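The opening position of the sequence shown corresponds to residue 945 in our numbering, with each subsequent residue numbered one higher. Every residue, glycine too, gets a C-beta built ideally from N, C-alpha and C. All of these numbers come straight from a predicted model, not from anything done at the bench. Have a look at the structure below before the remarks.
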Amino acid sequence: MIPLDLNLKQRRLDANLSQAALAKRLGVTQSQVLRYEAEPDNVPARVLREWLSACGEMQATRGLDVGTPYAGLPEGLASLALYARNQPALDESDTVRPAIGIEDLITALGERGRKPRLLLCGRYDAGKSRLANALMGADRLPASYQPATRIVCLVRHLADKPAWQREDVWIMGEGFDLNRVEEEKHCEDHRLVAGDFETLARFGTHKGRRDAALGEPVAALVYVDAPILHACDLIDTPGLSHDERDNALASAVFARGDVLVYLSPLTGFMNGEDLRALGTLIEALPSKDGEAPLRALAVLATHAHIGVTDAEVAGALDAGAARTARELAPLIDRRVETTGEAIDEVALRARLFPWYVESAPRRDAFERDTRELLGQTIPIFVQSQLDHTVTAFQTQADEAYGREAEHLRALLQEREHAEEQLRAMQAAEPERRRRLQEQQRRIEAHITQAKTQTRLFIEETIRPMLSEDRLQELIEGRYDESKLAEQHAANAVLVDIRAEVERIIAVRAETLAADVEAFLGEYGRPTDVSVGPIDVPFDARAAFIGALAAGGAFGALSTWAAVAAGGSNLGAYILVPQVVGLLARLGIGIAGGTATGVSLVSALGGPVGIGIGIALTIGLFAWEVFGRSWQSRLARQISERLLSKEVDVVGKVTEQCDRCWDETLQGFRDAAARTEDDHGKHLARLAAPLNTPRDALEARLKRVEARRAFLSFLPWTPLSKGAAA
945 MIPLDLNLKQ
955 RRLDANLSQA
965 ALAKRLGVTQ
975 SQVLRYEAEP
985 DNVPARVLRE
995 WLSACGEMQA
1005 TRGLDVGTPY
1015 AGLPEGLASL
1025 ALYARNQPAL
1035 DESDTVRPAI
1045 GIEDLITALG
1055 ERGRKPRLLL
1065 CGRYDAGKSR
1075 LANALMGADR
1085 LPASYQPATR
1095 IVCLVRHLAD
1105 KPAWQREDVW
1115 IMGEGFDLNR
1125 VEEEKHCEDH
1135 RLVAGDFETL
1145 ARFGTHKGRR
1155 DAALGEPVAA
1165 LVYVDAPILH
1175 ACDLIDTPGL
1185 SHDERDNALA
1195 SAVFARGDVL
1205 VYLSPLTGFM
1215 NGEDLRALGT
1225 LIEALPSKDG
1235 EAPLRALAVL
1245 ATHAHIGVTD
1255 AEVAGALDAG
1265 AARTARELAP
1275 LIDRRVETTG
1285 EAIDEVALRA
1295 RLFPWYVESA
1305 PRRDAFERDT
1315 RELLGQTIPI
1325 FVQSQLDHTV
1335 TAFQTQADEA
1345 YGREAEHLRA
1355 LLQEREHAEE
1365 QLRAMQAAEP
1375 ERRRRLQEQQ
1385 RRIEAHITQA
1395 KTQTRLFIEE
1405 TIRPMLSEDR
1415 LQELIEGRYD
1425 ESKLAEQHAA
1435 NAVLVDIRAE
1445 VERIIAVRAE
1455 TLAADVEAFL
1465 GEYGRPTDVS
1475 VGPIDVPFDA
1485 RAAFIGALAA
1495 GGAFGALSTW
1505 AAVAAGGSNL
1515 GAYILVPQVV
1525 GLLARLGIGI
1535 AGGTATGVSL
1545 VSALGGPVGI
1555 GIGIALTIGL
1565 FAWEVFGRSW
1575 QSRLARQISE
1585 RLLSKEVDVV
1595 GKVTEQCDRC
1605 WDETLQGFRD
1615 AAARTEDDHG
1625 KHLARLAAPL
1635 NTPRDALEAR
1645 LKRVEARRAF
1655 LSFLPWTPLS
1665 KGAAA
């Protein structure tokens, strides 16, 4: 049945189509168009479909325009850069801690002011690339109802293209990092080929012809002149459940989106494959206080064509919300515990939308929601964060240079006392290093023990969950109908397994975080030589965070790093080198908010369960018709499949957890070594002024005070005030 309660004339006008133009597209006369508008009840079904399709397509070609919410940032950065030309210079030896200046603030603002990333993901037949093209208003990405996209595509506005990138499309090889698109050398080192959109079709699709000699393409940088790209970047991903390679590429970027859009065809909406993926997306989703639950998530029921009534579409969405709430309950409960969000079936239903590109009514709800999110909600938050960054910078600069100035004054007045204090500090170093090494050995032993205990937990807790008896209990307790059990029982046990694994990793990660804090506390431990004219303490926490950011191996340390660098005390570390990059690598985007859930997905190296989707579905549900109960037969089939060599759930979970703890150990060792090296440099800088003539120290003091005064005023107009107005 086709809904007829539509204003056909208004649809035509909204699409900027004349009666003559529409008549030509429909293959009818202009007088017939006039009559159909006056008598919509008499429009033939075929003509109505084509009418709505024509108007919907015309509207879609304009794309989604949410304005230019970040237009004020370049002007603000330009004002700061102009002001920086008069910044008082400092010699490298003028300060104990590395000097900070406006250039550091400009870098931090540029990083934190980047556009949000809207990530599209879903099954291979869900229409991700088609949605991306509709949002952009142009057919730029290869799209079809067969698997098309085979690499991750980062689509940015043409105006954002770096000067050194001449072509609109760069195909990138293995090792390319989406968070380093502004780094010329990184991009050049990983570029396989550059060209136009024909190049994208050749290297970025399953049907394309590829040159094996060039290497395996994994990503594409694409630049397009589209209105929506003023407000966000788009990430189009390979379809899930096509093959293991596509699964791996898609799931690897799940935590890279600030706004996550999951697509599931209306027919079979929210099936087991969808729920496996959606569980991970919900875990990886950023959140912040005061925002509606799951605000940055949208789930689209695609292919919702006008041959399906509004009531049928609503029924499918209602059923999908109920199914999601039931099947993902363990993961949702964990997110509620972590973020405090009120996530229930009603909240889930609010994030489900119909989508059909040829029908404006089936696009309206999602487009309105996205327009508000990208045009208002996120920009207002980002602008407030930028203003906070400027304020935090000024506070940090004032405190840092104030302390440096006091240090120099003390040296001028109490040089002999300072020399005595420094000798005592140097004499205490062997004992401090001994305590630190003892702490380090203890932490490394704890990490090794955590790996062993996790393996034991997998054997004692996870493997029994896959037994036939336990699976039969799960099926009998959750499902009254065999059809529902066939569709979702296997996924349900994977969800339960994932929740259990992430819970045990989280418990051990929290213990590790406390150990790391105690370890770093050794650098600031009060001693008999702490009091004196030398009073510029070493910031071990900042050094350790910077070392982690540079190293790239986090493992379970990601929980500590996310809280330390992304929590309420971010202001203290706003200018630590690479901290923003660290947050991005943990999957914590510009939307901010609670980080621990996201960091845990990152710590495990990806979602538990996504990678086995293909193997799981092959060969299931081919059991005998007679004999045991359907619950028992299904339990046996699922158990055999999940424990088989092809799927090997236990092996895959063990592999992920082992990798997590191995990266934790390596990351801790590297960061500890770099932190100790920084501490040695700090002591050397403390000692240097003691061999400096008095007049040189006085000159240093003047330069430090001049820099402090200069940074007390900055030409920055608060962006959040303008946004609020």
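Distances from the alpha-carbon of Arg1189 to those of Asn1635, Asn1215, Pro1161 put Pro1161 closest.
By the neighbour-count criterion, in which 16 or more other beta carbons inside 10 Å mark a residue as buried, Ser1303 falls on the buried side. DSSP, reduced to helix, strand and coil, places Arg1041 outside both helices and strands of the structure shown, so it counts as coil.
Contact fails between the region 1355-1362 and the region 1260-1277, because fewer than three Cβ pairs, one in each stretch, are under 8 Å apart. Between Gly1624 and Leu1501, the C-beta gap is not smaller than 7 Å, which leaves the two residues out of contact.
In the three-state reduction of the DSSP assignment, Cys1176 falls in the coil class. For secondary structure counted as the beta strand (DSSP E) over 3 or more consecutive residues, the region 1267-1312 holds these complete runs in sequence order: 1296-1298. Taken atom to atom, the span from the alpha-carbon of Arg1629 to that of Val1137 is near 47 Å. Counting along the chain, the unbroken alpha helix (DSSP H) around Met1369 starts and ends at 1359-1371. With at least 16 other beta carbons inside 10 angstroms of its own, Asp1218 counts as buried. Residue pairing by DSSP places Trp1574 opposite no residue, since no beta bridge is assigned to it. In this structure Ser1073 touches Asp1180 by the C-beta definition: roughly 6 Å separates them, less than 8 Å.
Distance from the CA atom of Ala1389 to the CA atom of Glu1382, rounded to whole angstroms, is 11 Å. Ranking Arg1385, Glu1430, Thr1598, Pro1481 by CA distance to the CA of Arg1613 puts Arg1385 first. Straight-line spacing of the CA atoms in Leu1464 and Arg1485 works out to 6 Å. Assigned with DSSP and collapsed to three states, Tyr1467 falls in helix. Across the structure, Glu983 and Arg1293 are spaced so that their CA atoms are roughly 36 Å apart. Residue burial annotation: Gly1499 is buried, with at least 16 other C-beta atoms found within 10 angstroms of its C-beta.
Assignment of beta-bridge partners to Pro1161 by DSSP yields Gly1117. Apart from sequence neighbours up to five positions away, the residues of its chain that approach Trp1114 with a beta-carbon distance below 6 Å are Arg1135, Ala1138, Leu1165, ordered along the chain. Under the Cβ criterion (8 Å, minimum of three pairs), the region 1210-1226 counts as touching the region 1424-1441. Inter-residue distance for Gln1031 and Gly1490 is about 26 Å (C-alpha atoms, whole angstroms).
Of the candidates Cys1601, Phe1488, Gly1468, the residue whose Cα lies closest to the Cα of Ile1441 is Cys1601. Beta-bridge pairing by DSSP links Gly1139 to Val1113. According to the DSSP assignment, Ala1033 belongs to no alpha helix (DSSP H), since it is labelled neither H nor E. For a cut-off of 8 Å, the C-beta gap from Leu1658 to Leu1024 is around 7 Å, short enough to register as a contact.
Taken atom to atom, the span from the alpha-carbon of Ser1588 to that of Cys999 is near 52 Å. Taking C-beta atoms as the reference points, Pro1209 and Ala1194 fail to come closer than 7 Å. In the three-state reduction of the DSSP assignment, Gly1066 falls in the strand class, which pools E and B. A Cβ-Cβ distance of about 31 Å is found for the pair Ala1170 and Ala1258, leaving them out of contact under the 8 Å criterion. Closest by C-alpha distance to Gly1045, out of Pro1662, Trp1660, Leu1655, is Leu1655. Judged by beta-carbon spacing, Tyr1345 lies within the 7 Å limit of Arg1652, meaning their Cβ atoms are closer than that value. By the Cβ rule, the region 1626-1641 does not count as touching the region 1336-1350, because fewer than three pairs are nearer than 8 Å. Looking at the DSSP output, His1101 shares a beta bridge with Val1168. Between the beta-carbon of Ile1250 and that of Leu996 there is about 6 Å, and that keeps the pair under the 8 Å contact cut.
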